[in-house]
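Working notes, beginning with the structure itself.
Chains as they are written, first to last, in the numbering used here: chain E, 122 to 431; chain R, 46 to 490.
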């Protein structure tokens with residue numbers, strides 16, 4: 122769907138992107154992750170042809186991207202603005218027409234989206250009269266109105282209350298189900314785990330990791346396993362002996378627990394299960410993968426340490 | 046193109062929907078009409094009574110000027126030749142404020158010379174001119190037994206009175222038509238700056254509220270800039286059309302109700318004029334009731350609407366494109382909305398410079414600098430208007446087209462430069478504008 126090859130971009134003496142290559146597949150939700158100032162927004166602007174790269178290329182559906190392809194892209198920038206003096210209706214109409222829709226089409230789609238988001242009553246209101254959350258909804262509608270095949274969202278959840286975050290998430294899940302491709306740039310790692318198929322991590326203008334969410338988590342796994350059991354906690358601790366270390370525990374009831382255990386020496390998950398069998402009643406056991414938050418922190422820290430060592 | 050049109054339409058609707066647009070549409074013409082009214086009703090501070098000595102060595106005027114009395118001017122006649130030096134220094138002439146030289150040629154070339162001691166205000170100058178002009182009409186009509194069209198035109202041809210200071214005869218006379226040109230030029234610049242600042246503020250605002258990023262995901266910076274300039278330009282044209290209509294209606298109202306045009310030679314029946322001219326009592330009744338009408342003189346005879354409107358609109362449009370692109374580029378290079386404010390002062394200097402160039406041309410129309418200002422795109426919209434109303438010398442009419450061509454080419458170049466600055470500057474936020482940035486953006490393709 123989208124092939125970004127060796128993109129580099131500098132502003133004055135500051136390098137914003139250094140030889141970044143990414144491939145986004147059709148129908149996937151692709152996470153664009155990285156700390157503030159890493160170069161994510163610059164990359165998004167390059168994709169949208171808002172700024173030209175110093176070198177590298179962007180291909181859309183196999184061909185070099187053109188101005189015409191922009192009509193197939195929906196873009197919700199992080200620092201999004203609206204014309205405050207315009208009404209919701211006129212603003213949506215204006216942006217819809219700019220994205221190539223006829224007036225009739227805009228009005229039909231506007232009805233659909235305004236109904237869906239419950240913002241029909243605000244049509245005649247001026248943008249400046251809306252709350253931040255309301256304005257965010259209008260912005261989201263403006264980005265998806267023309268039914269783009271690729272949707273680029275830069276921090277789409279910022280400014281929304283938890284209910285509206287869920288609403289947007291559900292919309293994205295439905296769009297994915299409808300075969301749309303979504304690039305999601307966010308710091309909300311929970312939502313990355315929930316809806317992204319793959320992700321890339323950019324740090325200090327360079328790509329430092331790319332893969333499916335589980336691949337990224339697996340690469341950073343900490344040798345941590347969880348066991349849910351019924352029985353005595355003392356029996357559990359005694360059974361572990363010296364080859365394992367309890368990392369954390371949750372009490373589920375009077376005699377039910379979930380305990381996370383770290384392996385010591387060369388002990389494996391199998392060894393853990395062997396020592397526990399007969400001591401407690403094991404309900405479930407699994408490998409604990411790091412959260413995307415942990416992956417994010419670990420990767421960026423690693424990168425910084427490498428830089429410091431140099 | 047379609048995107049530029051959509052942007053232009055949005056801008057246009059936003060401007061005409063703004064309260065300030067409605068306010069300026071009504072207030073602007075009201076101010077202009079008010080000023081015109083004050084200009085013609087308040088005489089100014091200069092001397093209200095004049096003693097004029099007419100040196101008429103051929104006794105052309107037959108020692109009389111107009112039947113009836115005009116308390117503001119006393120005329121005395123001297124049937125001989127008086128030099129300026131004599132008039133300036135001789136004791137016997139000191140009681141006269143001005144010397145008017147008349148000879149037989151005035152009937153054909155319609156040019157007379159007035160040497161004054163203290164410059165009279167425009168009202169007084171016009172009064173003298175009017176009275177002499179009417180007296181000459183009287184003489185001409187009496188000379189022609191049966192009037193031919195050519196003769197009638199000779200009568201109708203307005204008199205030019207060159208006013209000069211008797212102590213400094215080379216000082217050029219006040220040029221009413223030139224001032225009218227300057228007024229046109231000022232009008233062009235007022236509109237260009239009003240709407241130019243709207244462009245600047247609009248671009249800076251779009252940058253600061255970040256809507257520009259949403260727009261740039263659909264349109265190119267060049268389309269965005271052109272749409273903005275065009276949309277605001279349409280609004281400027283519309284407002285300008287309202288101004289013209291309101292001012293024209295106001296002037297018509299003034300002509301009909303305040304500055305009543307009693308004597309309109311254009312409306313007179315020629316044969317009746319010849320018959321009536323022999324009847325002294327008729328003449329007296331006509332002249333006595335007539336007073337010089339400055340209003341009609343300036344607005345209906347000097348402004349040359351038919352000549353100037355076309356060029357005015359051309360220079361207004363191309364000048365707006367030139368300056369509009371400049372303002373858009375400045376708006377795009379600002380780091381924040383408040384940054385735009387710091388450019389207001391230099392832009393006002395630019396405005397003053399252009400207006401000064403117009404004034405300079407009015408004072409020194411033949412100077413090299415006036416020629417330069419005539420072609421220099423920053424000043425030409427004002428200067429050409431002044432020169433146009435002053436009149437181009439025969440065979441030099443091409444200069445106006447040359448100036449327009451230079452302005453047009455400059456506007457295209459300015460649009461190119463502005464598009465480059467716009468493209469590279471529009472997504473730069475929160476920076477301090479430095480000259481080296483501008484050069485860098487200009488070099489970047």
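Virtual Cβ for every residue (Gly too), placed ideally from N, Cα, C.
- How about residue 65(R): is its C-beta nearer than 7 Å to some C-beta of chain E? no
- Tell me, please, which residues DSSP counts as bridged to residue 349(E). 379(E), 405(E)
Can you name the residues that DSSP bridges to residue 151(E)? 304(E), 319(E)
Output needed in chain order: residues of the stretch 193-215 of chain E with a Cβ under 9 Å from some Cβ in chain R. 194, 195, 196, 197, 198, 199, 200, 201, 202, 203, 204, 205, 206, 207, 211, 215
Anything in the stretch 47-73 of chain R with a Cβ closer than 7 Å to a Cβ of chain E? List those residues in chain order, please.
48, 51, 55, 59
From the DSSP output, in three-state form, read off residue 65(R) for me. helix
By alpha-carbon positions, which one of 455(R), 428(R), 450(R), 419(R) ends up nearest to residue 232(R)?
428(R)
inquiry  = Distance cutoff 7 Å, beta carbons only. Does residue 171(E) sit that close to anything in chain R?
reply    = yes
Per DSSP, what kind of secondary structure is residue 119(R) in: helix, strand or coil? strand
Between which two residues does the alpha helix (DSSP H) harbouring residue 257(R) extend? DSSP places residue 257(R) in the uninterrupted alpha helix (DSSP H) bounded by 256-261.
**Prompt:** For residue 448(R), which residues of its own chain have a beta-carbon under 6 Å away from its beta-carbon, when the five flanking residues on both sides are left out?
**Reply:** 419, 420, 425, 429
Just how far apart, CA to CA, sit residue 51(R) and residue 422(E)?
48 Å
Q) Quick one: what's got a C-beta closer than 8 Å to residue 108(R)'s C-beta in the same chain, skipping five residues either side? A) 101, 122, 124
For residue 437(R), write down the residues that DSSP places opposite it in a beta bridge.
Paired residue(s): none; residue 437(R) is not in a bridge.
### Message
Measuring only the C-alpha atoms, how far is residue 362(R) from residue 170(R)?
### Response
36 Å
- Query: Excluding the five sequence neighbours on either side, which residues of its own chain have a C-beta within less than 6 Å of the C-beta of residue 262(E), listed in chain order?
  - Reply: 234
Separation of residue 388(E) from residue 408(E), as counted between CA atoms: 14 Å
Query raised in the report: What are the partner residues of residue 196(E), as DSSP defines its beta bridges?
Result: 273(E)
Exercise. Rounded to whole angstroms, what's the CA-CA distance from residue 216(R) to residue 230(R)? Just pull it up for me.
Key: Confidence at residue 216(R) is low in this model, with a pLDDT of 42, below 50, so its placement is unreliable and the value that follows should be read with caution. Distance between the alpha carbons of residue 216(R) and residue 230(R): 24 Å.
### Message
I'd like to check one pair, residue 305(E) with residue 274(E): are the Cβ atoms closer than 7 Å?
### Response
yes
Check: How would you list, in chain order, the residues of chain R whose beta-carbon sits under 8 Å from the beta-carbon of residue 218(E)?
Finding: 51
Q: In angstroms with no decimal places, state the Cα-to-Cα distance between residue 174(E) and residue 129(E).
A: 6 Å
Residue-level contact to chain E via CB, residue 261(R), 7 Å cutoff
Chain E, which has a Cβ nearer than 7 Å to the Cβ of residue 261(R), makes this yes.
query: Are residue 491(R) and residue 376(R) touching if we call contact CB-CB under 7 Å?
result: Beyond the ends of chain R as shown, which are 46 and 490, falls residue 491(R); an answer cannot be given.
ask   = Under 7 Å Cβ-Cβ, which residues of chain R neighbour residue 191(E)?
value = 262, 263
Legend entry - Own chain, CB closer than 8 Å to residue 239(R), minus 5 neighbours either side, in chain order: Cβ contact annotation for residue 239(R) (same chain, cutoff 8 Å, sequence separation greater than five): 69, 281, in chain order.
- Name the chain R residues that come within less than 7 Å of residue 257(E), Cβ to Cβ? Within chain R, no residue comes near residue 257(E); the closest Cβ sits about 13 Å away, beyond 7 Å.
**7 Å Cβ cutoff, residue 277(R) in contact with chain E** = no
Unbroken beta strand (DSSP E) run spanning residue 366(E), endpoints = 365-372
Exercise for the section: Check the Cβ-Cβ distances between residue 255(R) and every residue of chain E, and say whether any is below 7 Å. Expected result: yes
query: The alpha helix (DSSP H) spanning residue 225(E) covers which residue range?
result: 224-238
Note to self: Quick check on residue 468(R): does DSSP put it in helix, strand or coil?
What the structure shows: helix
### Query
Considering residue 95(R), what are the terminal residues of the beta strand (DSSP E) in which it resides?
Residue 95(R): member of the beta strand (DSSP E) spanning 95-100, first to last residue.
For the stretch 200-211 of chain E against the stretch 251-258 of chain R, do three or more pairs of beta-carbon atoms, one drawn from each stretch, fall closer than 8 Å, so that the two count as touching?
yes
*Which whole-angstrom value is the C-beta distance of residue 264(E) and residue 214(E), which I expect to be below 8 Å?*
Residue 264(E) to residue 214(E), Cβ: 15 Å. No contact.
Point to revise | Under 7 Å from the C-beta of residue 391(E): neighbouring residues of chain R | key: What residue 391(E) touches in chain R: nothing, since even the nearest Cβ is about 54 Å away.
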